[in-house]
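Okay, structure first, notes after.
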Amino acid sequence: MYRIVAQCLPQRRVLLRSLEGIPTNPPQGVLSSYSLNAISDDHRQARWHKAISNAEKIVGTSHSTFTEKLLTSETGVGAASHLRKLLNTTHPVIKTITNLTQHGQNTLQTRGLVVLLLSRCAGHIEGSPQVLNEEFEEACVYGVTQRQKSMAEIVEMVYTSHLIHRDVLNVSRELITDPSLLNELQYGNKIAILVGDILIANASKMTAELNDCKVLELIATSIGDFMKSEFVVRHDSFGKPYPPPCMDLNAWENRIFLNTGSLLAHACQSAVIMGGHGGAVQRRAKEFGRSLGFAWQLHDELEPFVNLLGQPNGTPFDLTSFPVMLHLQRNPHIYAALETSALETHDANRIDYADLYTQILSSGVVEEARQQLHTYVDVCLGNIEGFDQCYRAKQALGDVIIALK
Numbered sequence: 070m071y072r073i074v075a076q077c078l079p080q081r082r083v084l085l086r087s088l089e090g091i092p093t094n095p096p097q098g099v100l101s102s103y104s105l106n107a108i109s110d111d112h113r114q115a116r117w118h119k120a121i122s123n124a125e126k127i128v129g130t131s132h133s134t135f136t137e138k139l140l141t142s143e144t145g146v147g148a149a150s151h152l153r154k155l156l157n158t159t160h161p162v163i164k165t166i167t168n169l170t171q172h173g174q175n176t177l178q179t180r181g182l183v184v185l186l187l188s189r190c191a192g193h194i195e196g197s198p199q200v201l202n203e204e205f206e207e208a209c210v211y212g213v214t215q216r217q218k219s220m221a222e223i224v225e226m227v228y229t230s231h232l233i234h235r236d237v238l239n240v241s242r243e244l245i246t247d248p249s250l251l252n253e254l255q256y257g258n259k260i261a262i263l264v265g266d267i268l269i270a271n272a273s274k275m276t277a278e279l280n281d282c283k284v285l286e287l288i289a290t291s292i293g294d295f296m297k298s299e300f301v302v303r304h305d306s307f308g309k310p311y312p313p314p315c316m317d318l319n320a321w322e323n324r325i326f327l328n329t330g331s332l333l334a335h336a337c338q339s340a341v342i343m344g345g346h347g348g349a350v351q352r353r354a355k356e357f358g359r360s361l362g363f364a365w366q367l368h369d370e371l372e373p374f375v376n377l378l379g380q381p382n383g384t385p386f387d388l389t390s391f392p393v394m395l396h397l398q399r400n401p402h403i404y405a406a407l408e409t410s411a412l413e414t415h416d417a418n419r420i421d422y423a424d425l426y427t428q429i430l431s432s433g434v435v436e437e438a439r440q441q442l443h444t445y446v447d448v449c450l451g452n453i454e455g456f457d458q459c460y461r462a463k464q465a466l467g468d469v470i471i472a473l474k
């Protein structure tokens, strides 16, 4: 998103050294790891796609079909014609929509799949007030109830709406002097807000139709947490997140829980509530979703530092990501320099990303971040240990989690 904005603003002379290929001055050992890294990245991608494919066969649905239908049909969010008008523009919402509607796009649309797998693993309690007689019969046949399927769709809609809303740009006349470009980006903002709002409205309606006050409260809390997450991070003039003064694991987890963990935690808890389970199982399901949210986010934040061939020299990366946080925590003088740059320019793109990237690769923090990812994965696996109602679903869910390593 931010690279697009920078390219739209040549008059600000944003320093984006996006030369293709290997970094100019890679740390010792990095150059020789490029070919090995390409092989390992292919292996990771193949393992991920295999895990998702197997999981989809078990639940009987594609994880991206529902969102694709919503975003591309006239009868879905009702904005397909408006989205088509943006195809030849530079607004970042187009890239987000493309990623969401193409199969196999990393981890964008697998949260609903996880909810369905967990529902099958946990099973259903016959005679529970939360499980109607016809629902129990349905669960015996299909493994999940219609309400749990609806919860999976709700999770996808809420998360998709969050991704789309994050594409809204700061497009003031002071920053963008080209009238045609300004109009183009303003129109893109309107469409992003429209589509995101319609998704939230549909998700809220579907949640209310589940007829469970506790579930409604949990999902409403998750939506609120998404909003809060945008206010706990500093941003530059273009809306790009900037490192916070407090950089430790607790601060990172608190921010990521609001941003991604809350939705997964509360959706998993809601799924077992509708399965008739009590407090102990609900707490385990919630902790599973919370830890999985951390694992997913850390997996994504590690990607620029483990997929070296996919990170052209000087390409901007998230300054609030876990590896960057660790590096700045151990090097206060670097954080002080970034802070000075922020105060002077209010533009995160003026940072020397190539130099910072090289420092991070040679500092050892990437391996530490990987170990933290493994810790989250182990917590996830531990929390589903007692969910034995469906062995195949449990095995598939475990494979999806392990594929994040």
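Following my numbering, the numbering of the sequence shown begins with 70 at its first residue and continues without gaps.
A virtual CB, placed ideally from N, CA and C, is assigned to each residue, including glycine.
Measure the Cβ-Cβ separation of residue i and residue j and say whether it is below 8 Å.
| i | j | result |
| --- | --- | --- |
| residue 128 | residue 186 | yes |
| residue 194 | residue 345 | yes |
| residue 332 | residue 227 | yes |
| residue 292 | residue 269 | yes |
| residue 290 | residue 335 | yes |
| residue 343 | residue 216 | yes |
| residue 374 | residue 429 | yes |
| residue 298 | residue 327 | yes |
| residue 123 | residue 406 | no |
| residue 371 | residue 439 | yes |
| residue 260 | residue 152 | yes |
| residue 263 | residue 219 | no |
| residue 460 | residue 312 | no |
| residue 301 | residue 339 | no |
| residue 233 | residue 162 | yes |
| residue 448 | residue 120 | no |
| residue 250 | residue 242 | no |
Which value, in whole angstroms, describes the spacing of the CA atoms of residue i and residue j?
| i | j | result |
| --- | --- | --- |
| residue 388 | residue 304 | 10 Å |
| residue 175 | residue 471 | With a pLDDT of only 47 at residue 175, under 50, the local geometry of the prediction cannot be trusted, and no value is derived from it. |
| residue 329 | residue 366 | 8 Å |
| residue 444 | residue 253 | 45 Å |
| residue 393 | residue 317 | 11 Å |
| residue 453 | residue 376 | 30 Å |
| residue 446 | residue 225 | 22 Å |
| residue 381 | residue 156 | 25 Å |
| residue 323 | residue 357 | 16 Å |
| residue 206 | residue 369 | 39 Å |
| residue 76 | residue 309 | With a pLDDT of 37 at residue 76, under the threshold of 50, the predicted position of this residue should be treated as unreliable, though the coordinate-derived value follows. Taking the straight line joining both Cα atoms gives about 14 Å. |
| residue 100 | residue 432 | Residue placement at residue 100 is poorly supported in this model, since its pLDDT is 45, which falls under 50; the coordinates still yield a value, given next. C-alpha separation (whole angstroms): 16 Å. |
| residue 455 | residue 473 | 21 Å |
| residue 295 | residue 400 | 30 Å |
| residue 239 | residue 409 | 22 Å |
| residue 386 | residue 196 | 52 Å |
| residue 96 | residue 274 | For residue 96, the predicted structure reports a pLDDT of 48, less than 50, and the residue's modelled location is therefore unreliable. The matter cannot be settled from this model. |
| residue 258 | residue 320 | 30 Å |
| residue 419 | residue 266 | 33 Å |
| residue 184 | residue 363 | 16 Å |
| residue 315 | residue 391 | 13 Å |
| residue 182 | residue 204 | 20 Å |
| residue 458 | residue 347 | 16 Å |
| residue 462 | residue 435 | 32 Å |
| residue 477 | residue 126 | Here the chain covers residues 70 to 474 and nothing more, so residue 477 does not appear. |
| residue 248 | residue 384 | 28 Å |
| residue 277 | residue 200 | 17 Å |
| residue 160 | residue 198 | 48 Å |
| residue 422 | residue 158 | 27 Å |
| residue 282 | residue 237 | 32 Å |
| residue 256 | residue 166 | 16 Å |
| residue 272 | residue 221 | 10 Å |
Hey, residue i and residue j are a contact pair by Cβ (cut 8 Å); roughly how many whole angstroms apart?
| i | j | result |
| --- | --- | --- |
| residue 212 | residue 235 | Not confirmed; about 34 Å, so no contact. |
| residue 214 | residue 169 | Their Cβ separation, rounded to whole angstroms, is 26 Å, which puts residue 214 and residue 169 out of contact at 8 Å. |
| residue 341 | residue 191 | 5 Å |
| residue 450 | residue 467 | 6 Å |
| residue 349 | residue 337 | Contact doesn't hold; Cβ gap of about 14 Å is too wide. |
Sort out for me which residues DSSP pairs residue i with in a bridge.
| i | result |
| --- | --- |
| residue 311 | 303 |
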